[in-house]
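Chemist: Residue 1 is where the sequence shown starts when you use my numbering, and the numbers rise one by one after that. Cβ atoms here follow ideal geometry from the backbone N, Cα and C, with glycine treated the same way. Supplied in structure tokens, the structure appears directly below.
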Amino acid sequence: MQTKNYLEKWILNERPDRPFLVAVSGAQGCGKSTFCRDLVESYTGLGLRAISVSVDDFYLTRDQQKQLTESTSNPYLMQRGYPGTHDVPLALKILKTLKAGLPTQIPRYDKSAYSGLGDRGDRSTWTEVREPQDIILFEGWFLGFQPTQTEDNHLNLINEHLSNYQPLFDLFDRLVYLRPESVEDVVDWRIEAEQKMKAAGKDGMSDEQVRSYIEKFVPAYHLYGPSIQPSIEFLVQTDRSWLMKA
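Below, the structure written as structure tokens:
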């Protein structure tokens, strides 16, 4: 917790006198979403306007993802998650609007829809932002990753999609990276997160389905992890405690 308190203060110290967009990039299940929610609550208590937005909320709709799945032989694009499965123009539009301090609506993605396959929520579920925000937290698992050539042709196609996200990454004022000490921990973290969602009464995937889903991301962590150039970096240990990297 001491490390997380440090990060909270670091963001405050870095903040200019305008809407401040901080990307929080980290492995699935490492605790970044919860941390961002806690930060929003803390900053609100200090009299600041703060909001947390997830790249997950810009996933393609269920129908769009279904069409993509049926039209590709790339295993990384047959499920939501990888670059290529988001509405990038929508994300760009909304983040630019937030940085300009203008009103907007932020989509919300329901991961429990269709027995865990997910779908973008109806507009009635979108978050309305009416006032300029002091701090905008944008979290996701691959934020800041750079295209990296590999012998895996399926990942080379992901490289092409990843290039389309660079204008989005260029909007970041700061980039925080939560690097997993062991990539293999990501599978267990994501299973635990799904179990908590189901315990809360929502539909979700079985442990076996989650494992099959999340293991497809392991090659990306190994390939793209070294390419990221964060403003500040923390090492996430197996128990999900954080250590600051020099």
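1) Please name the residue or residues paired with ARG240 in a DSSP beta bridge.
2) Between the alpha carbons of LYS111 and ASP17, how many angstroms are there, rounded?
3) Just the C-alpha distance for GLN146 and PRO230, rounded to the nearest angstrom, thanks.
4) Please name the residue in GLU160, LEU168, GLY225 whose C-alpha comes closest to that of GLU181.
5) Does the segment 182 to 198 come close enough to the segment 91 to 98 to have 3 or more Cβ pairs within less than 8 Å?
6) Mind the definition here: the segment 65 to 79 touches the segment 28 to 44 only if three or more C-beta pairs lie below 8 Å; say whether that holds.
7) Straight-line CA distance for LYS216 to ASN5?
8) Let's test the definition: count the other Cβ atoms within 10 Å of the Cβ of PRO89 and tell me whether it reaches 16, buried, or not, exposed.
9) Could you tell me which of GLN28, TYR109, ILE214, TRP126 sits nearest to MET78, measuring between CA atoms?
10) For the candidate residues THR44, ASP63, TYR221, GLU192, whose alpha-carbon lies nearest to that of ASP207?
11) DSSP on ASP57, reduced to helix/strand/coil?
12) Just the Cα atoms here: how many angstroms apart are LYS222 and VAL186?
13) Taking just the CA atoms, how far does GLU131 sit from GLU233?
14) Taking the beta strand (DSSP E) that GLU41 falls in, what are its first and last residues?
15) Can at least three beta-carbon pairs, one atom from the segment 48 to 60 and one from the segment 114 to 132, be found at a separation below 8 Å?
16) Quick test of your reading: THR85 and ARG108, contact by CB under 8 Å. State the CB separation rounded to the nearest angstrom.
17) Nearest to ASP170 by CA position, among PHE138, TRP10, LEU155, is which residue?
Modeler: Put simply:
1) Paired residue(s): none; ARG240 is not in a bridge.
2) Distance from the CA atom of LYS111 to the CA atom of ASP17, rounded to whole angstroms, is 35 Å.
3) 12 Å
4) GLY225
5) No, the segment 182 to 198 does not touch the segment 91 to 98.
6) Touching, no, given that fewer than three Cβ pairs across the two stretches are closer than 8 Å.
7) 33 Å
8) exposed
9) ILE214
10) GLU192
11) In the structure shown, ASP57 falls within a helical segment according to DSSP collapsed to helix, strand and coil.
12) The displayed chain sequence assigns His, not Lys, to residue 222. Approximately 12 Å, taken between the alpha carbons.
13) 31 Å
14) Here GLU41 belongs to no beta strand (DSSP E); instead the alpha helix (DSSP H) covers 32 to 45.
15) yes
16) Not really, about 17 Å apart at Cβ, beyond 8 Å.
17) PHE138
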